[in-house]
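K.L.:
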Amino acid sequence: MKMDLGVDVLPKFSKDTTDRNRTSPFAFTGNKFEFRMPGSAENLSDANTILNTAVAKELKGYADELEGAEDFTSAAIALIKRTIRDHRRVIFNGNGYTAEWEEEAARRGLPNKKNTPAALPALIDPKNIQLMEDFGVLTKIEMESRYEVEMEHYSKIINIEALTMLEMARKQLLPAINAYMSEVANTAASKLAVSEAISVRSETKTLTRLSTDADAMSDAIDALQAAVDTAEAMTDESAKAVSFHDDVLPKMDALRAAADDAETICGEDYWPLPSYSKMLYYV
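The UniProt record's numbering applies: residue 1 is where the sequence shown begins, and numbers increase by one.
1) Does the stretch 209 to 219 come close enough to the stretch 255 to 262 to have 3 or more Cβ pairs within less than 8 Å?
2) What does the alpha-carbon distance come out to for the pair Tyr-281 and Glu-268?
3) So, for Ser-243: in the same chain, excluding its five sequence neighbours on each side, which residues have a beta-carbon less than 7 Å away from its beta-carbon?
4) Let me check one thing: in DSSP terms, what residues is residue 347 bridge-paired to?
5) When DSSP labels each residue in this structure, what does Val-242 get in the three-state scheme?
6) Going by the beta-carbon positions, is the gap between Ala-241 and Thr-116 smaller than 9 Å?
7) Indicate the three-state DSSP secondary structure (helix, strand or coil) for Glu-133 in the structure shown.
8) In this structure, does DSSP put Gly-267 in helix, strand or coil?
9) Mind checking His-87: buried by the 16 CB within 10 Å criterion, or exposed?
10) With three or more C-beta pairs closer than 8 Å as the rule, is the stretch 165 to 177 touching the stretch 244 to 260?
11) Evaluate the contact criterion for the stretch 168 to 175 versus the stretch 129 to 146: three or more CB pairs, one atom per stretch, below 8 Å.
12) Return the residue from the list Pro-111, Leu-224 and Leu-174 that minimises the CA-CA distance to Lys-251.
13) For Asn-159, which option in Tyr-97, Asp-247 and Ile-141 has the closest C-alpha, if you only look at C-alpha atoms?
14) Could you give the distance in angstroms between the alpha-carbon of Lys-60 and the alpha-carbon of Glu-161?
15) Smallest Cα separation from Leu-51: which of Ala-193, Ala-188, Ala-189 and Phe-26?
16) Going along the chain, which unbroken runs of the beta strand (DSSP E) with 3 or more residues stay wholly within the stretch 205 to 264?
17) Would you say the beta carbon of Ala-162 is closer than 8 Å to some non-hydrogen atom of the ligand MG?
18) Candidates Ala-188, Asn-186, Asn-178 and Ala-193: which alpha carbon is nearest Ser-211's?
19) Nearest-angstrom Cα distance between Lys-42 and Ala-119?
20) What did DSSP end up calling Thr-187 once you bin it into helix, strand or coil?
21) Is the separation between the beta-carbon of Ala-78 and that of Phe-135 shorter than 9 Å?
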C-alpha cells in the first residue's frame, strides 16, 4: 500500500502496517500486538496470558503434525496453506476503525463484543476453560473466580462514577446554573425597571434554555439515582454488571448531555468546573 502525501513533487512511500489511527489501546500491527498507554490501574498480564496460551496451543499442533512428517518442507507448505484457508476470515488489512469493517466482520461471523459485560463471559466458555486447563495455566475454578471478580470490578467502577456524577450535578452544577439564571433574571428586571421599551429578548432566551437544561438535569438525576439503586440491589454479579451498562450508563449520558449544553451558555465565573475550552487550550 502506498501513502499519497498530496504533493506531486514528492514520491509515494510504502505505507507501514503501523501507520494508522493510534486510538486503539490494543492494536495488532502486522505480526504483533501492541499495548498502548493502558490506564494506571490496568494490568497487561491477563491479556498476555490468554495470547501466549492460544499461541502455544497452535504451535503445539503444528509441532505434532510436522515432527512425524516424512517430507518436512512439503508438510510445512501444506500446513501453511491449510491454516490460511481455514482462518482467512480473521485476516483484514483495511481500516479496522470504520463501520464498514464492523459490517464485514459480521458477515464473516466474527464476534464483536462492544462492552465489558458482554466480553467477560468468554472467561467461562467451556472451550476456553479446557484450553487453559490443558496447558496447566488456570483451572476451571480459577477462571470462574476471575470472571466473578472482573464483573464485580466493572460494577464498582461504574457505580463510583455514577455516584460522583450525581454529587457533582446536585451540589455544583445545578446550583451554578440557578445562580447564573438569577443574575440574568435580575439583569432583565433592572432593564425593564428603567424602561419597558428596553428589550430583554437575549436574557429571556438564555433563561429559557438554561431552565430547560436545569429541568432536564433534574429529571436525569432522578432517573440515574433510580437506576443506580436498582443495580446496587442486585446480588448476581453478572446481572448487576449488565444493569450498570444497559441502564446506568445511558442515564449518565443523558445527564451529561444536559450539563454540557448548560456549560456552553452559563457564565464562566459561575461554572464551578474547568470548561472544555480551558482544558484544551489553556493548559
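Built from N, CA and C at the ideal position, the CB exists for glycine as well. From a predicted model like this one, the values you see are computed outputs, not experimental measurements.
P.N.:
The short version:
1) Below 8 Å, enough C-beta pairs join the stretch 209 to 219 and the stretch 255 to 262 to call them touching: three or more.
2) The residue you call residue 281 lines up with position 281 of the sequence shown. The residue you call residue 268 lines up with position 268 of the sequence shown. So the two alpha carbons sit approximately 15 Å from each other.
3) Here residue 243 refers to the residue found at position 243 when the sequence shown is read from its first residue. Here the set comprises Thr-230, Ala-231 and Met-234.
4) No statement about residue 347 is possible, as the shown extent of the chain runs from 1 to 283 and does not include it.
5) The sequence position of residue 242 within the sequence shown is 242, counting from 1. If DSSP states are grouped into helix, strand and coil, Val-242 belongs with the helices.
6) By one-based count along the sequence shown, residue 241 stands at place 241. By one-based count along the sequence shown, residue 116 stands at place 116. Closer than 9 Å, so yes.
7) In the sequence shown, the residue the question calls residue 133 occupies position 133. Residue state, collapsed to three classes: helix.
8) The residue given as residue 267 occupies position 267 in the sequence shown. In the three-state DSSP reduction, Gly-267 falls in the coil class, being neither helix nor strand.
9) The sequence position of residue 87 within the sequence shown is 87, counting from 1. His-87 is exposed by the Cβ-count criterion.
10) yes
11) no
12) Locating residue 251 in the sequence shown gives position 251, where the first residue counts as 1. Nearest C-alpha to Lys-251: Leu-224.
13) Your numbering for residue 159 matches position 159 in the sequence shown. The shortest C-alpha separation from Asn-159 is found at Asp-247.
14) For the purposes of this step, residue 60 is identified with residue 60 of the sequence shown, where counting begins at 1. For the purposes of this step, residue 161 is identified with residue 161 of the sequence shown, where counting begins at 1. Approximately 44 Å, taken between the alpha carbons.
15) Within the sequence shown, numbered from 1, the residue matching residue 51 stands at position 51. The residue with the shortest Cα to Cα distance from Leu-51 is Phe-26.
16) none
17) Questions concerning the ligand MG fall outside what the structure shown contains, since it holds no ligand whatsoever.
18) Sequence index remark: in the sequence shown, residue 211 carries index 211 (1-based). Measuring from the Cα of Ser-211, the nearest candidate turns out to be Asn-178.
19) In the sequence shown, residue 42 corresponds to position 42, counting from 1. In the sequence shown, residue 119 corresponds to position 119, counting from 1. The question names Lys, but residue 42 is Glu in the sequence shown. Looking at the two C-alpha atoms, the distance is approximately 16 Å.
20) To locate residue 187, count along the sequence shown from 1; it is residue 187. Three-state result, Thr-187: helix.
21) Position 78 of the sequence shown, counted from the start, is the residue given in the question as residue 78. Position 135 of the sequence shown, counted from the start, is the residue given in the question as residue 135. No, they are not a contact pair.
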